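Notes follow once the structure below has been shown.
Residue numbers (this note's numbering), protein chains in the order written: chain C, 1 to 186; chain D, 187 to 296.
Written as structure tokens, this is what we have:
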């Protein structure tokens with residue numbers, strides 16, 4: 001009986017993002033780390049949607065996340081995702097502008113291998129980046145947040161300032177375009 | 187001939203795993219640790235700012251106290267606060283209104 005009661009006892013629930021933001025504001029390093037674990041990849045996805053270069057996107061995502069952690073006091077804890085997306089997008093757009101100045105005429109996505117990706121995936125990775133290049137920025141954001149980051153339509157809509165229906169339409173169009181470009185893979 | 191893409195059926199999700207930076211778990215862990223380390227390092231000056239802000243208050247109080255002490259010790263102030271027994275007793279003798287306690291305090295000692 002006691003054992004059954006113990007096994008039925010709920011484990012400590014995962015803290016919400018809002019709770020983590022409040023704890024991180026007080027300087028709790030563990031909360032900052034959990035926030036990064038939950039949201040750094042989303043930051044990367046948004047940066048990738050703008051920059052279309054995985055390596056650049058990683059750099060910008062990390063820089064933007066550092067800035068976000070520094071400025072946590074300015075954030076509504078319960079709207080962290082949308083706030084982070086805006087920071088990342090602004091920094092990514094700035095980085096894209098700088099890149100255009102630095103590399104005039106350079107518009108192609110980066111096809112260089114990233115050390116994080118096994119060599120066998122290189123071709124697939126290049127094809128994905130090239131296929132993404134044919135979408136609009138919002139379509140890229142929606143499809144990457146949904147299919148890579150597993151965000152719901154509601155979460156994406158709130159973070160990107162879209163309606164859920166709009167979000168579904170972007171996802172539909174993005175997947176269709178990607179399927180047409182990629183053929184049977186991936 | 188039919189359209190290979192059905193316009194009404196949502197296409198299957200795209201497998202973006204080759205673009206997922208978290209696939210290399212060790213590298214991703216290092217990236218997260220780096221972000222947190224940079225953020226905590228730059229948040230520390232914020233703490234220092236808070237300390238310096240309270241330091242300004244402490245400095246202002248100390249400056250006010252020092253000014254009060256300095257003005258309290260200047261010669262004029264000393265003359266004003268130190269009672270000359272001769273003057274006090276002379277004033278008493280001439281019928282002026284003198285605080286008896288100040289007479290006792292002066293004690294006739296010069």
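Think of the CB as a built atom: it goes at the ideal place given N, C-alpha and C, for glycine as much as any other residue.
Treat the numbers as computed from the prediction; the structure is a model and nothing was measured.
Contact with chain D by residue i, beta-carbon distance below 9 Å
i: residue 178 of chain C; result: yes
i: residue 109 of chain C; result: With a pLDDT of 48 at residue 109 of chain C, under the threshold of 50, the predicted position of this residue should be treated as unreliable, and no value is reported.
i: residue 80 of chain C; result: no
i: residue 23 of chain C; result: no
i: residue 129 of chain C; result: yes
i: residue 189 of chain C; result: Outside the displayed span of chain C (1 to 186) sits residue 189 of chain C, for which this structure offers no information.
i: residue 115 of chain C; result: Its pLDDT being 41, under 50, residue 115 of chain C is placed unreliably in this model, and the coordinates cannot settle the point.
i: residue 143 of chain C; result: yes
i: residue 54 of chain C; result: yes
i: residue 162 of chain C; result: no
Short CB-CB distance (under 9 Å) between residue i and chain C
i: residue 171 of chain D; result: As displayed, chain D neither begins before 187 nor continues past 296, which places residue 171 of chain D out of reach and without an answer.
i: residue 201 of chain D; result: yes
i: residue 225 of chain D; result: yes
i: residue 219 of chain D; result: yes
i: residue 208 of chain D; result: yes
i: residue 287 of chain D; result: no
Nearest candidate by alpha-carbon position, reference residue i, set the options
i: residue 175 of chain C; options: C/91, C/41, C/128; result: C/128
i: residue 86 of chain C; options: C/170, C/23, C/67; result: C/67
i: residue 42 of chain C; options: D/207, D/288, D/196, D/220; result: D/207
i: residue 271 of chain D; options: D/253, D/282, D/290, D/254; result: D/290
i: residue 226 of chain D; options: C/27, C/44, C/91; result: C/27
Check whether residue i and residue j have beta carbons under 9 Å apart
i: residue 48 of chain C; j: residue 182 of chain C; result: no
i: residue 25 of chain C; j: residue 140 of chain C; result: no
i: residue 189 of chain C; j: residue 36 of chain C; result: Outside the displayed range of chain C (1 to 186) lies residue 189 of chain C, so it cannot be described from this structure.
i: residue 84 of chain C; j: residue 65 of chain C; result: yes
i: residue 160 of chain C; j: residue 205 of chain D; result: no
i: residue 75 of chain C; j: residue 29 of chain C; result: no
i: residue 34 of chain C; j: residue 15 of chain C; result: yes
i: residue 125 of chain C; j: residue 50 of chain C; result: no
i: residue 60 of chain C; j: residue 100 of chain C; result: no
Buried versus exposed call for residue i [16 or more other C-beta atoms within 10 Å across all chains shown]
i: residue 32 of chain C; result: buried
i: residue 58 of chain C; result: buried
i: residue 151 of chain C; result: buried
i: residue 81 of chain C; result: buried
i: residue 135 of chain C; result: buried
i: residue 63 of chain C; result: buried
i: residue 78 of chain C; result: exposed
Heavy atom of the ligand ADP within 8 Å of residue i beta-carbon
i: residue 130 of chain C; result: Only the bare structure without any ligand can be found here, which leaves the ligand ADP out of the picture.
Partner residues on chain E for residue i, Cβ-Cβ distance less than 7 Å
i: residue 88 of chain C; result: No chain E is part of this structure, whose protein chains are labelled C and D.
Write down every uninterrupted run of the alpha helix (DSSP H) in the region 28-84 of chain C whose length is 4 residues or greater and which is fully enclosed by it, in chain order. 29-51, 54-70
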